[in-house]
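Enquirer:
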């Protein structure tokens, strides 16, 4: 059993953890004491140990990020020091928040931002920025600066977790039922930047999330745009809502719809024709346009066949079922083979056959950003226990993703974000009483800084 004992020396109060235990040799109860540090907040049990000052620090990565991020004004209305310190941590060392203090102690970031980056203070800060009014002010300014010009992409991903809050609910993920929260991301198609996010209870299906998303975007001045959606958002209610809001759309038609089967039967046999051939990168696809009626509206259907995918899918299916088909099932199997390699896209407006595929595949921007969030920024696992903290954590991840995306866009294909930050981390500095001396740059480090037009000082005052 443990308790905290406080002792006062001079004008400071110190905390010690006292633990009682049984001494088997002396056969009597004893106590051992552990020093916790100087009392910062007695009520919240926040203590601070005097740390041994490190005299050689990582310099290049956070100096680079600090210079780069000064070019944008998205974060001006947020408590900047703590917010930027945590963004730098997510980008430079994307690990659990409890390790942030270790990273902070060994990095020049502690000379840029004098903040308490303990686990408890981070939790409190995430709860602070989870405030809806703070996030609304941010999105108001951020979306004003981005202003989608060529449309948006909307998509969702599941965030499996074991958090005990109402939003974490059982839902389908990877063909299994898991406890999860859904993250909805809106992306600007022209810049590939994340534009807006929402989180939704894990038991709410994608199709039910579109109307509220459209309404929230209107509050930030985003309306009458072109939206690209996956089949999970397809429903009569959603299609009619898009028409009511005068939003043009391109959406994949689910394979269980009657219209899908009708178009497959009517169009698939004559689809592989030279007049329907379309070049897509180094591949050739077959695309046929057809005007159809959908929920009382005239829309354009695009039947798209990928011959390479069709070959792979037919081979797998036939090898699996050839010896199991019974009499009377041949007709059903003909339809199954007929739809292999085909997807059907529905658009509210007529599009060029040559552009409809590349337009739809801009959806992959969302998949890539979800991948960056989970793999590069360690979005998972979620380690929060209050809904306010969850909102703040997802907001921090969103802001980190914005900076990540801005960096990636400027880097092109020459470098990855991870590569440049690891390269720049190796640029060290030495801390003296009155100034910081920056060590020599390698050729590659100099090249990165020059690419971004960032000057690296030889010495920095303290």
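In full-length UniProt numbering, the protein residues as written are 1 to 462.
C-beta atoms are modelled at their ideal positions from N, C-alpha and C, and glycine is treated no differently.
Between the C-alpha atoms of residue 97 and residue 158, what's the straight-line distance to the nearest angstrom?
Expert: Residue 97 and residue 158: Cα-Cα distance of roughly 21 Å.
Enquirer: Using a 10 Å radius around the Cβ and a threshold of 16 neighbouring Cβ atoms, would you call residue 35 buried or exposed?
Expert: When all chains shown are included, residue 35 counts as exposed.
Enquirer: Could you check where the alpha helix (DSSP H) with residue 343 kicks off and where it finishes?
Expert: Here residue 343 belongs to no alpha helix (DSSP H); instead the beta strand (DSSP E) covers 342-347.
Enquirer: Return the CA-CA distance between residue 286 and residue 357, expressed in angstroms with no decimal places.
Expert: In a straight line, the C-alpha of residue 286 is about 10 Å away from that of residue 357.
Enquirer: Just the Cα atoms here: how many angstroms apart are residue 200 and residue 182?
Expert: Taking the straight line from one Cα to the other gives about 5 Å.
Enquirer: How many Å lie between residue 339 and residue 280 at the Cα?
Expert: If I take the Cα positions, the gap works out to 20 Å.
Enquirer: Identify the residues that DSSP records as bridge partners of residue 539: which are they?
Expert: Here the chain has residues from 1 to 462 only, and residue 539 is not among them.
Enquirer: Spatial neighbours of residue 362 within its chain, please: CB distance less than 8 Å, with the 5 preceding and 5 following residues excluded, ordered by chain position.
Expert: Taken in chain order, the residues that qualify are 153, 189 and 228.
Enquirer: Apply the 10 Å Cβ neighbour rule to residue 70 and answer buried if 16 or more other Cβ atoms are within range, or exposed otherwise.
Expert: Flag for residue 70 reads exposed.
Enquirer: What residue range is occupied by the uninterrupted alpha helix (DSSP H) comprising residue 409?
Expert: Note, residue 409: alpha helix (DSSP H), 387-411.
Enquirer: If distances are taken between C-alpha atoms only, which option among 124, 134, 143 and 59 comes closest to residue 402?
Expert: Answer by Cα proximity: 143.
Enquirer: Residue 374: which of 407, 26 and 90 sits nearest, CA to CA?
Expert: Taking only the C-alpha atoms, the option nearest residue 374 is 90.
Enquirer: Please report the straight-line C-alpha distance between residue 28 and residue 93, rounded to a whole angstrom.
Expert: Between residue 28 and residue 93, the C-alpha separation is close to 48 Å.
Enquirer: Output the distance between the C-alpha atoms of residue 415 and residue 284, rounded to the nearest integer angstrom.
Expert: If you take the alpha carbons of residue 415 and residue 284, they lie about 30 Å apart.
Enquirer: Rounding to the nearest angstrom, what Cα-Cα distance links residue 226 and residue 237 in this structure?
Expert: One C-alpha to the other measures close to 18 Å.
Enquirer: Could you check which residue in 344, 298 and 111 has the C-alpha nearest to that of residue 258?
Expert: When each option's Cα is compared against that of residue 258, the closest is 344.
Enquirer: For residue 107, name the three-state secondary structure that DSSP assigns.
Expert: Residue 107: strand per DSSP, three-state reduction.
Enquirer: Rounded to the nearest angstrom, what separates residue 394 and residue 202 at their Cα positions?
Expert: In a straight line, the C-alpha of residue 394 is about 15 Å away from that of residue 202.
Enquirer: When the Cα atoms are used, what is the spatial distance from residue 30 to residue 15?
Expert: Those two C-alpha atoms are separated by around 19 Å.
Enquirer: Would you call residue 82 buried or exposed, if buried means 16 or more other Cβ atoms sit within 10 Å of its Cβ?
Expert: Per the 10 Å Cβ criterion, buried.
Enquirer: On a CA-only basis, which of 3, 268 and 58 is nearest residue 33? Give me that one, please.
Expert: Selected option, being the one with the closest Cα: 3.
Enquirer: Can you tell me the Cα-Cα spacing of residue 425 and residue 113, whole angstroms?
Expert: For residue 425 and residue 113, the distance between alpha carbons rounds to 18 Å.
Enquirer: Would you report the Cα separation of residue 75 and residue 138, rounded to the nearest angstrom?
Expert: Each residue's Cα considered, the two are about 7 Å apart.
Enquirer: Here's a check: name, in chain order, each residue in its chain whose Cβ is nearer than 8 Å to the Cβ of residue 180, leaving out the five neighbours to either side.
Expert: Excluding positions up to five away in sequence, the list reads 158, 159, 160, 161, 168, 169, 170, 171, 173 and 202.
Enquirer: For residue 109 and residue 80, I'd like the C-alpha separation in whole angstroms.
Expert: Roughly 13 Å between the two C-alpha positions.
Enquirer: Please confirm if the stretch 308-316 is in contact with the stretch 208-217, defined as three or more CB-CB distances below 8 Å between the two stretches.
Expert: Judged by Cβ distances under 8 Å, the stretch 308-316 makes no contact with the stretch 208-217, as fewer than three pairs qualify.
Enquirer: Would a C-beta distance cut-off of 8 Å place residue 253 and residue 260 closer than the cut-off?
Expert: The answer is yes: Cβ separation under 8 Å.
Enquirer: I want to know whether the stretch 292-305 touches the stretch 315-325 - three or more CB-CB distances under 8 Å.
Expert: Touching, no, given that fewer than three Cβ pairs across the two stretches are closer than 8 Å.
Enquirer: For the putative contact between residue 431 and residue 57, defined by C-beta atoms under 8 Å, what is the C-beta separation to the nearest angstrom?
Expert: Between residue 57 and residue 431 the Cβ distance is about 6 Å, and since that is below 8 Å, they are a contact.
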